[in-house]
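Visitor: The following block contains the structure, expressed as structure tokens.
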Amino acid sequence: MTIRAKRSEVLSAGITHYCPGCGHGIIHRLVAESIEELGIRDRTIGVAPVGCSILCYNYLLVDFVEALHGRAPAVATGVKRMEPEKVVFTYQGDGDLISIGSNEILHAANRGEDITVIFVNNAIYGMTGGQMAPTSIPGQVTTTSPLGRGKNHEGSPIRVVELLNALDAPAYLTRVAVNSPKHVLQAKKAIKTSFQAQLDGKGFSLVEVVSNCPTNWKKTPLDANQWIEDEMLKYFPLGEVRNRL
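With positions in the sequence shown counted from 1, the corresponding number in the numbering used here is that position plus 548.
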């Protein structure tokens with residue numbers, strides 16, 4: 549029998565806690581496959597903060613460190629500076645990274661810390677009940693913006709890779725999505741590239757992954773994927789913003 553696809557040895561065989569249709573499972577698989585293909589499992593350390601991503605250490609079979617909400621880049625900085633031969637990455641959601649953690653990610657990027665950041669942008673707070681996030685798009689209905697996000701009061705969504713592109717130090721900044729097979733393949737390439745950048749000592753890299761949250765968006769998984777295509781990508785265009793590799 550010819551095996552055409554198999555579960556990565558870096559990915560747990562257990563059932564995840566994520567809601568049906570959630571993009572986290574896909575992103576976990578892409579991270580796991582990248583680590584396995586690069587042969588770095590035994591030297592990889594992940595940093596898990598607060599949010600839906602907090603339990604990724606149950607599914608990605610590498611060493612992990614827990615971080616306070618928003619503080620993953622600071623923790624990753626400490627780990628990498630103490631263990632420079634290790635491959636260190638953070639796995640963060642939008643509420644964690646660009647709300648409470650905005651100061652941490654800006655300064656880690658500005659210093660050019662030699663870490664990899666996997667940033668999941670689903671435009672909402674997932675774990676705590678669907679509140680508006682810094683990445684929620686104009687008109688988006690959430691539990692804290694029942695009439696839709698308004699630019700006059702809540703401002704526009706923050707585009708993280710473009711924001712970090714204003715800094716001198718980052719080596720690799722890109723935005724991908726996981727709402728279609730084509731986009732998943734592109735996301736896999738970007739995630740693997742970000743790990744390779746660290747192996748090559750190039751400095752700070754961040755991959756923003758536009759993902760879905762069917763439960764809090766009040767949509768079916770199929771409708772949620774289409775909403776990414778029709779609405780989210782208007783505000784979060786895909787592609788590399790910086791590549792100094």
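Don't be surprised by glycine CBs; every beta carbon is placed ideally from N, CA and C.
Below 6 Å CB to CB, which residues in the same chain sit around Pro-682 once its five sequence neighbours on both sides are set aside?
Guide: The residues are Ile-646, Ser-647, Ile-706.
Visitor: Helix or strand or just coil, what does DSSP make of Asn-791?
Guide: DSSP places Asn-791 in strand when its eight states are reduced to three.
Visitor: With distance defined between alpha-carbon atoms, name the residue in Val-579, Asp-642, His-655, Lys-554 nearest to Ser-742.
Guide: Ranking Val-579, Asp-642, His-655, Lys-554 by Cα distance to Ser-742 puts Val-579 first.
Visitor: Can you check the stretch 743 to 767 for any beta strand (DSSP E) of at least 3 residues that lies completely inside it and give the ranges in chain order?
Guide: The stretch 743 to 767 contains these whole beta strand (DSSP E) runs: 753 to 758.
Visitor: If you measure between the beta carbons of Ala-620 and Thr-638, is that distance less than 9 Å?
Guide: Yes, they are a contact pair.
Visitor: If the criterion is Cβ atoms closer than 9 Å, does the pair Val-758 and Leu-721 meet it?
Guide: Cβ distance not < 9 Å, so Val-758 and Leu-721 don't count as in contact.
Visitor: Considering only the alpha carbon of each residue, which of Lys-737, Arg-591, Pro-729, Glu-779 lies closest to Pro-826?
Guide: This structure gives no information on residue 826, because the portion of the chain shown stretches from 549 to 793.
Visitor: Hey, how far is the Cα of Gly-571 from the Cα of Ala-735?
Guide: Computed Cα separation, rounded: 12 Å.
Visitor: Only counting the same chain, and skipping five residues up and downstream in sequence, which positions put a Cβ closer than 6 Å to that of Phe-612?
Guide: Only Gly-594, Ala-596, Tyr-605 meet the Cβ criterion.
Visitor: Under three-state DSSP, which class holds Glu-720?
Guide: Inspection of the sequence shows that residue 720 is occupied by Tyr rather than by Glu. Looking at Tyr-720 - three-state DSSP - the assignment turns out to be strand.
Visitor: When burial is assigned at 16 or more other CB atoms within 10 Å of the CB, is Asp-590 buried or exposed?
Guide: Flag for Asp-590 reads exposed.
Visitor: Along the alpha helix (DSSP H) that carries Glu-710, what are the first and last residues, could you check?
Guide: Note, Glu-710: alpha helix (DSSP H), 708 to 712.
Visitor: Helix, strand or coil: which one does DSSP assign to Glu-585?
Guide: It is helical.
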